[in-house]
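**Q**
Protein chains: 2
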Amino acid sequence: MTTDETLRHLMDATHSALCEHGYAELTMQDIADESDLSKSSLHYHFDCKHDLLVAFLDYLFDGFVDRISEPAGDDPAARLRSLVDTVVLPPEEGDDDTFQTALLEIKAQAPYDDAFRARLERFEDVFVEQVRAIVAEGVDDGTFRADADPDEVASFVVTYVVGAQTRHVSVGEPYEQSAAALRRYVDQNLLTDAEEAPAR
Amino acid sequence: MTTDETLRHLMDATHSALCEHGYAELTMQDIADESDLSKSSLHYHFDCKHDLLVAFLDYLFDGFVDRISEPAGDDPAARLRSLVDTVVLPPEEGDDDTFQTALLEIKAQAPYDDAFRARLERFEDVFVEQVRAIVAEGVDDGTFRADADPDEVASFVVTYVVGAQTRHVSVGEPYEQSAAALRRYVDQNLLTDAEEAPAR
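Residue numbers (our numbering), protein chains in the order written: chain A, 1 to 200; chain B, 1 to 200.
1) Just the C-alpha distance for residue 26 of chain A and residue 104 of chain B, rounded to the nearest angstrom, thanks.
2) In whole angstroms, what is the alpha-carbon distance linking residue 123 of chain B and residue 89 of chain B?
3) Leaving out the 5 sequence neighbours to the left and right, which residues in its chain are closer than 8 Å to residue 84 of chain B when beta-carbon positions are compared?
4) Below 8 Å between beta carbons: does that hold for residue 116 of chain A and residue 15 of chain A?
5) Counting only beta-carbon separations shorter than 8 Å, does residue 181 of chain A have a partner in chain B?
6) Looking at the C-beta of residue 160 of chain B, does it have a partner C-beta in chain A at a distance below 8 Å?
7) So, using beta-carbon positions, are residue 71 of chain B and residue 138 of chain B closer together than 8 Å?
8) Where does the unbroken alpha helix (DSSP H) through residue 85 of chain B begin, and where does it stop?
9) How far does the alpha helix (DSSP H) with residue 19 of chain B in it reach, from first residue to last?
10) Out of A/175, A/173, A/169, A/188, state which residue places its alpha-carbon closest to the alpha-carbon of residue 102 of chain A.
11) On the DSSP letters alone, give me the boundaries of the alpha helix (DSSP H) that residue 180 of chain A sits inside.
12) Return helix, strand or coil for residue 57 of chain B, following the three-state DSSP convention.
13) With three or more C-beta pairs closer than 8 Å as the rule, is the segment 141-160 of chain A touching the segment 41-59 of chain A?
14) Helix or strand or just coil, what does DSSP make of residue 144 of chain B?
15) Using a 10 Å radius around the Cβ and a threshold of 16 neighbouring Cβ atoms, would you call residue 34 of chain B buried or exposed?
16) Who are the neighbours of residue 24 of chain A on chain B, taking C-beta pairs under 7 Å?
17) So, is residue 18 of chain A buried or exposed, given that buried needs 16 or more other C-beta atoms within 10 angstroms?
18) Taking residue 110 of chain B as the reference, give the member of B/13, B/50, B/64 with the closest Cα.
19) Looking at C-alpha atoms only, which residue of B/176, B/173, B/8, B/145 is the closest neighbour of residue 190 of chain B?
20) At least one CB of chain D closer than 8 Å to the CB of residue 120 of chain A: is that the case?
21) Whole angstroms is fine: what's the gap from residue 2 of chain A's alpha carbon to residue 166 of chain B's?
22) State the Cα-Cα distance for the pair residue 195 of chain A and residue 9 of chain B, rounded to the nearest angstrom.
23) Give the residues of chain B in contact with residue 97 of chain A, contact being defined as C-beta atoms less than 9 Å apart.
24) Could you give the C-beta distance for residue 43 of chain B and residue 6 of chain B, rounded to a whole number, given that I count them as a contact under 8 Å?
25) To the nearest angstrom, how far is it from the Cα of residue 48 of chain A to the Cα of residue 30 of chain A?
26) Please list the partners that residue 232 of chain B has in chain A, where partner means a Cβ-to-Cβ separation under 9 Å.
27) Could you pull the DSSP bridge partners for residue 258 of chain A from this structure?
28) Under a CB-based cut-off of 8 Å, is residue 108 of chain B close to chain A?
29) Taking residue 97 of chain B as the reference, which of B/13, B/175, B/192 has the closest Cα?
30) Straight-line CA distance for residue 65 of chain B to residue 114 of chain A?
31) Determine, for residue 138 of chain B, whether the minimum Cβ-Cβ distance to residues of chain A falls below 8 Å.
32) Please tell me whether residue 84 of chain B has its Cβ less than 8 Å away from any Cβ of chain A.
33) Just reading off the alpha helix (DSSP H) that residue 24 of chain A is part of, what are its end residues?
34) Could you tell me if residue 164 of chain A is buried or exposed, where buried requires 16 or more neighbouring beta carbons within 10 angstroms of its beta carbon?
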């Protein structure tokens, strides 16, 4: 059996190996090399690279849910800004670019791989739902315009964020610029006139 | 030398082969099979798959510039909606999904491939500039809000469109839905209050 600790260790090794080798070239040996397990021990836990990557996407999903589940902020506008920053801006670690590239490779595989697609849908569904809930709350309490449609705003914001991630990988568009433009979209188009955007 | 007619024929063959095999698995033989040339004749025109794909991106770029250069519409708002539809909505041909998947694979290769990245940047630059010019024109003639920043709106719209393309490939998000949401963004957030959005 795979204990939680072993799983975490293997997921860290998979993350490092993806950053080092990318998705297309990745081998079980590469992942073993990043862990303290032999390749045969690795195969005891996961039959093949595909099964391991599916488990890795599940593991990433759990972390994503934790990261986005309680965005900081005193009102819906602040919580939406905080959620956007959490998802768009890179973490502190230095190898985020190579990791985002590997994730985009996996997205491009989704049409050929139902297990990948199902996981990617879960990421988007939980993100869409979190945005939708915050927008609905903001419409109810008057922070956001009464005519804002929470479902449509949620899908719009998620599409924009996915675009920011793709453009960062493909043409090096800076995350900070994309996040700032989305914050201004929220301030200018969702807030009721009464609400003043904080100075930045 | 490669005549215009031969080039067009080879580019069509490359398009078909990408739709059939995807980017990662594509071989020169696959492209030759889609053309009326032998693999060795193909090598007379292009040294390797990479050179051929770079030429293919240049060829796509020329077509893209033609498609977006004169968006239909009597005023900047109509032209912006028309431009968005041209870029987001798929062409009539049936194999657009597989082609978009191959393009996303190429985007995910860009960090490893300067020639790909340079081509992808050209696509985005010309698209950003076209949106920017229409928005600037609309601000000048009063169609769009005076406080709309053409540079920022252009980058925002292009990021959204790239996200719509990525989500279509990775989770099957319908293009029509993404395009409709972007049209509403234009209607609700860019138009001056005087301007009425057309009924849809």
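Every residue, glycine too, gets a C-beta built ideally from N, C-alpha and C.
**A** The structure says:
1) Here residue 26 of chain A corresponds to residue number 26 of the first sequence, with the count starting at 1. Here residue 104 of chain B corresponds to residue number 104 of the second sequence, with the count starting at 1. So the alpha carbons of these two residues sit roughly 19 Å apart.
2) Working through the second sequence from its first residue, we reach residue 123 of chain B at position 123. Working through the second sequence from its first residue, we reach residue 89 of chain B at position 89. Rounded to the nearest whole angstrom, the C-alpha separation of residue 123 of chain B and residue 89 of chain B is 17 Å.
3) Walking along the second sequence from the start, residue 84 of chain B turns up at place 84. Only 157, 161, 179, 182, 183, 186 meet the Cβ criterion.
4) Indexing the first sequence from 1 puts residue 116 of chain A at position 116. Indexing the first sequence from 1 puts residue 15 of chain A at position 15. Not in contact: residue 116 of chain A and residue 15 of chain A (Cβ atoms no closer than 8 Å).
5) For the purposes of this step, residue 181 of chain A is identified with residue 181 of the first sequence, where counting begins at 1. Answer yes: the Cβ-Cβ gap between residue 181 of chain A and chain B drops below 8 Å somewhere.
6) Residue 160 of chain B sits at position 160 when you count from the first residue of the second sequence. Yes, residue 160 of chain B lies at the interface with chain A (some Cβ there is under 8 Å from its Cβ).
7) The residue you call residue 71 of chain B lines up with position 71 of the second sequence. The residue you call residue 138 of chain B lines up with position 138 of the second sequence. For residue 71 of chain B and residue 138 of chain B, no; Cβs fall outside 8 Å.
8) Sequence index remark: in the second sequence, residue 85 of chain B carries index 85 (1-based). Element bounds for residue 85 of chain B: 76-88.
9) Stepping through the second sequence from its first residue, residue 19 of chain B is reached at position 19. Where residue 19 of chain B is concerned, the enclosing alpha helix (DSSP H) stretches over 4-21.
10) As a first step, residue 102 of chain A must be located in the first sequence, where it is residue number 102. Of the candidates A/175, A/173, A/169, A/188, the one whose C-alpha sits nearest the C-alpha of residue 102 of chain A is A/169.
11) To locate residue 180 of chain A, count along the first sequence from 1; it is residue 180. Going by DSSP, residue 180 of chain A is part of the alpha helix (DSSP H) stretching over 175-185.
12) If you number the second sequence from 1, residue 57 of chain B lands on position 57. Helix at residue 57 of chain B.
13) Contact fails: fewer than three Cβ-Cβ distances are below 8 Å.
14) Start at 1 with the first residue of the second sequence, and residue 144 of chain B comes out as number 144. Here residue 144 of chain B sits in strand by DSSP.
15) Within the second sequence, the letter at position 34 stands for residue 34 of chain B. Under this definition residue 34 of chain B is a buried residue.
16) By one-based count along the first sequence, residue 24 of chain A stands at place 24. Simply 24.
17) If you number the first sequence from 1, residue 18 of chain A lands on position 18. It counts as buried.
18) As a position in the second sequence, residue 110 of chain B is number 110, starting the count at 1. Looking at the Cα atoms, B/50 is the closest of the given residues.
19) Counting from one through the second sequence, the residue named residue 190 of chain B turns up at place 190. When only C-alpha atoms are compared, the closest one is B/145.
20) Note that chain D does not occur in the displayed structure, where the protein chains are A and B.
21) On the first sequence, residue 2 of chain A is found 2 positions in, with the first residue counted as 1. On the second sequence, residue 166 of chain B is found 166 positions in, with the first residue counted as 1. Their Cα atoms are separated by approximately 34 Å.
22) Locating residue 195 of chain A in the first sequence gives position 195, counting from the first residue. Locating residue 9 of chain B in the second sequence gives position 9, counting from the first residue. Model confidence at residue 195 of chain A stands at a pLDDT of 44, short of 50, so the residue's coordinates are unreliable; what they give is reported in the following sentence. C-alpha of residue 195 of chain A to C-alpha of residue 9 of chain B: approximately 58 Å in a straight line.
23) Here residue 97 of chain A corresponds to residue number 97 of the first sequence, with the count starting at 1. Within chain B, the residues placing a beta-carbon under 9 Å from that of residue 97 of chain A are 111, ordered along the chain.
24) On the second sequence, position 43 is the one that residue 43 of chain B refers to. On the second sequence, position 6 is the one that residue 6 of chain B refers to. Wrong, their Cβ atoms sit about 14 Å apart, outside the cutoff.
25) Taking the first sequence and counting its residues from 1, one reaches residue 48 of chain A at position 48. Taking the first sequence and counting its residues from 1, one reaches residue 30 of chain A at position 30. Between residue 48 of chain A and residue 30 of chain A, the C-alpha separation is close to 13 Å.
26) Summary: the structure shown does not reach residue 232 of chain B, with chain B confined to residues 1 through 200, and so no result is reported for it.
27) Since the displayed chain A opens at 1 and closes at 200, residue 258 of chain A lies outside it and no answer follows.
28) Locating residue 108 of chain B in the second sequence gives position 108, counting from the first residue. True, the Cβ-Cβ gap to chain A drops below 8 Å.
29) As a first step, residue 97 of chain B is located in the second sequence; it is residue number 97 there, counting from the start. Measuring from the Cα of residue 97 of chain B, the nearest candidate turns out to be B/175.
30) If you number the second sequence from 1, residue 65 of chain B lands on position 65. If you number the first sequence from 1, residue 114 of chain A lands on position 114. When only Cα atoms are considered, residue 65 of chain B and residue 114 of chain A end up about 35 Å apart.
31) Start at 1 with the first residue of the second sequence, and residue 138 of chain B comes out as number 138. With 8 Å as the cut-off, residue 138 of chain B does not count as an interface residue toward chain A.
32) Stepping through the second sequence from its first residue, residue 84 of chain B is reached at position 84. With its beta carbon at least 8 Å from every one in chain A, residue 84 of chain B lies outside the interface.
33) One-based indexing of the first sequence puts residue 24 of chain A at position 24. No alpha helix (DSSP H) contains residue 24 of chain A, which DSSP labels as neither H nor E.
34) As a working note, residue 164 of chain A is residue 164 in the first sequence. By the 10 Å Cβ count, residue 164 of chain A comes out buried.
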